[in-house]
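See below for the structure under consideration.
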Amino acid sequence: MSLPLEFRTRMQALLGGEAEALFGALQGPPHVGLRVNTLKSAPERFEALSPWPLERLPWCRSGYRLRVPEGAPRPGLHPLHAAGVYYLQEPSAMAVAEAVAPEPGAWVLDLAAAPGGKATHLGALLRGSGLLVANEVVPGRVRALGENLERCGVPNALLVSEPVERLAARWGGLFDYVLLDAPCSGEGMFRKSDDALAMWSTATVARCALRQRALLGEAAALVKPGGVLVYSTCTFAPEENEGAVAAFLRAHPEFTLAPLTLPGAAPGRPDWAADEADASLAHAARFWPHRAPGEGHFVARLHRAPEGTPPSGARAPRRPPALPRPVRDAWEAFCRDTFRAAPPFADRALELQGERLVALPEAAPEGRGLRVLRSGLWLGTPKKGRFEPSHSLALALPPEAVAAARQLELAPEDPRLGSYRRGEVVESSGEDGWLLVTTLGFALGWGRRVKGTVKNFYPRGLRLTG
């Protein structure tokens, strides 16, 4: 890989003799990261199941550096990946949600959420309570975000596609935590992305810095008094990092920069912010690929002063119209037949959205006039005289509900598991009815058994080919 000469010159001026270590690291292979989805498994349990050697990351309890020996299963094709038990994520990127550190029950907004690594991490940290709004303004990236939220079983998400300024105008002051993982020049991704390398220039850095300053101002309007705004990039450029934060602090005195404790990170560099120097910029965190097993990230945690009054009535739970009796009866009959225990998400209000029965988050902001693409967890579709469960429901079931359901457990090496993931029928003796197809105890999807044959309900778009 040939690094741009201007980039090398800039980094030599910033890092001095340390720059050669950075350049050497950028010539090496990128690190592969794996984050265990704690909505489904404790990290220790996954360690016992993993077919690959794992190395714990110091800045994320559920995060690992992954080594894939020759001949080992591909992590992206393993059935535990399909079951949402883990997310493949660049190691230093895992530090961002850890810096947000949302408390369960909080309202969290991820402003640039695709493809979903940080959003699914935030969803896991919320433990299924409160609200996660995952926003992505680029239409072509929304589908992957939705699929990853579904695969990871996040039950309390709103999927939105709006510019930040529209959200700020509509939902100002509502959120306990706001994450702006800003579009940037991507210097930290050079060894992972040929596009980032090809598109880099000092002009790109300058354009990104201007855009980031505007986005930070819009994001600040969404934070409630006493709330937290986390700003992150995957670039080394001071203009996009310390410079952007310093300009923001000057314009928004109601925010202060809080110290971050992320093992493996270096402090921010106030001396790189030129005439906007602020000693508190050392509270930010920088990840360098020559110092830690990851690529490159910058993270800053900004606290808004508690003075001020949040909008009134913003946290009132939604009260949807009563369900039609046949719909409720079909759902309850399905639960009685399938789970042998209390129905899942019994504490959530249910709403019929078109033909879909949805379990709503505990509370959510009013979304009329905004592009809210998904609101709550799709449970399934009531049909005439029956209920057909959704793939979303299978993957969002808490572990105790999976254990209480009628199951067809297939080991990873069972050839029927491959058949199921290809959309084929499989043979299995036992009681007729809906069942969860599971592997190692984790739900993969639904089947319906009739006289020893399991009809396949694995979604067509997720099926293996070949």
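Residue numbers (full-length UniProt numbering): 1 to 466.
We treat Cβ as the ideally placed atom computed from N, Cα and C, and that holds for glycine.
Only a predicted model underlies this, so the values are computations on that prediction, with no experimental measurement involved.
What does Asn156 pair with, by DSSP beta-bridge criteria?
Partner(s): none; Asn156 has no beta bridge.
Continuous alpha helix (DSSP H) assignments of at least 4 residues falling wholly in the stretch 287-351:
DSSP runs (the alpha helix (DSSP H)) wholly in the stretch 287-351: 325-339.
Taking only three categories from DSSP, how would you classify Arg374?
For Arg374, the three-state secondary structure derived from DSSP is strand.
Note down the Cα distance separating Ala401 from Leu149, rounded to an integer number of angstroms.
Their backbone Cα atoms lie some 19 Å apart in a straight line.
Asp176 in three-state terms, based on DSSP
Residue state for Asp176 is assigned as strand, using DSSP reduced to three classes.
For Met94, which residues from the same chain have a beta carbon less than 6 Å from its beta carbon, with the 5 sequence-adjacent residues on both sides left out?
Within the same chain, Arg35, Cys60 and Gly63 come within 6 Å of Met94 by CB-CB distance, once the 5 residues on both sides are set aside.
Taking just the CA atoms, how far does Arg318 sit from Ala305?
If you take the alpha carbons of Ala305 and Arg318, they lie about 29 Å apart.
Between Ala246 and Ala273, which are expected to be in contact by the criterion C-beta below 8 Å, what is the C-beta distance as a whole number of angstroms?
Yes, they are in contact, since the Cβ atoms of Ala246 and Ala273 sit about 4 Å apart, within 8 Å.
So Leu302 and Val228 are supposed to be a Cβ contact under 8 Å. How far apart are they, rounded?
The distance from the Cβ of Leu302 to that of Val228 is about 7 Å, consistent with a contact at the 8 Å cut-off.
Check each candidate in Phe287, Arg291 and Thr261 and name the one with the smallest Cα separation from Thr235.
Of all alpha-carbon atoms in Phe287, Arg291 and Thr261, the one lying nearest the alpha-carbon of Thr235 is that of Phe287.
Let me know the secondary structure DSSP gives Arg406 once reduced to three states.
Correct three-state label for Arg406: coil.
Are the stretch 156-167 and the stretch 78-87 in contact at 8 Å, needing three or more beta carbon pairs?
Result no; under three Cβ-Cβ pairs closer than 8 Å.
Once you ignore the five residues that flank Glu424 on each side, which residues in its own chain have a CB closer than 7 Å to its CB?
Hits under 7 Å: Asn456.
Within 10 angstroms of its Cβ, does Leu393 collect 16 or more other Cβ (buried), or is it exposed?
So Leu393 counts as buried.
Can you grab the Cα-Cα spacing for the pair Asn241 / Gly217, in whole Å?
Distance between the alpha carbons of Asn241 and Gly217 is about 15 Å.
Kindly indicate which residue of Pro102, Ala112 and Leu360 has the alpha-carbon position closest to the one of Arg127.
Of all alpha-carbon atoms in Pro102, Ala112 and Leu360, the one lying nearest the alpha-carbon of Arg127 is that of Pro102.
May I ask which residues mark the beginning and end of the alpha helix (DSSP H) holding Leu5?
Where Leu5 is concerned, the enclosing alpha helix (DSSP H) stretches over Leu5 to Leu15.
Pop quiz: Leu145 and Pro115 are said to be a contact at Cβ under 8 Å. What is the actual Cβ separation, rounded to whole angstroms?
The C-beta separation of Leu145 from Pro115 comes to about 6 Å, placing the pair in contact by the 8 Å criterion.
Give the DSSP-derived three-state secondary structure of Asn148 in the structure shown.
Secondary structure at Asn148: helix, using DSSP grouped into helix, strand and coil.
Kindly indicate the opening and closing residues of the beta strand (DSSP E) around Tyr87.
That run of the beta strand (DSSP E) goes Tyr86 to Leu88.
For Ala322 and Glu239, what's the separation of their Cα atoms in angstroms?
Approximately 53 Å, taken between the alpha carbons.
Mind checking Lys118: buried by the 16 CB within 10 Å criterion, or exposed?
Flag for Lys118 reads buried.
If you draw a straight line from the alpha carbon of Val178 to that of Ala285, how long is it in whole angstroms?
Whole-angstrom Cα-Cα distance: 18 Å.
Could you pull out every unbroken alpha helix (DSSP H) segment of at least 4 residues lying fully inside the stretch 420-455, listed in chain order?
No alpha helix (DSSP H) of 4 residues or more sits fully in the stretch 420-455.
Sequence-distant residues of its chain with Cβ nearer than 7 Å to Ser419 (five each side left out)
Around Ser419: Val426.
In or out: Gln27 buried (at least 16 other Cβ within 10 Å) or exposed?
Under this definition Gln27 is an exposed residue.
One question on the structure: do Leu408 and Leu435 come within less than 8 Å of each other, judged by their Cβ atoms?
Yes, Cβ-Cβ distance for Leu408 and Leu435 is below 8 Å.
Identity of the residue in Gly447, Leu257 and Phe442 nearest Ala403 by Cα:
The option with the nearest alpha carbon to Ala403 is Phe442.
Distance, Cα to Cα, Glu44 vs Arg65?
Rounded to whole angstroms, Glu44 to Arg65 spans 15 Å at the Cα level.
Can you name the residues that DSSP bridges to Val223?
Phe175.
Whose C-beta lies closer than 8 Å to the C-beta of Val142 among residues of the same chain, with five residues either side of it excluded?
Cβ within range, chain order: Ala114, Glu136, Leu159, Ser161 and Leu373.
Can you name, in chain order, every residue of its own chain whose Cβ lies under 8 Å from the Cβ of Met11, other than the five neighbours on each side?
The residues are Ala19, Leu22, Phe23 and Phe236.
Using three-state DSSP, classify Thr204 as helix, strand or coil.
Collapsing the DSSP output to three states places Thr204 in a helix.
Between Ala111 and Pro183, what straight-line distance do the alpha-carbon atoms span, to the nearest angstrom?
Here the sequence assigns Leu to residue 111, which means Ala is not the residue at that position. Cα atoms of Leu111 and Pro183: separation of roughly 11 Å, rounded to the nearest angstrom.
Confirm, please, whether the CB-CB distance from Phe345 to Pro58 is below 8 Å.
The answer is no: Cβ separation not under 8 Å.
Just the C-alpha distance for Gly354 and Gly140, rounded to the nearest angstrom, thanks.
Rounded to the nearest whole angstrom, the CA to CA distance from Gly354 to Gly140 is 24 Å.
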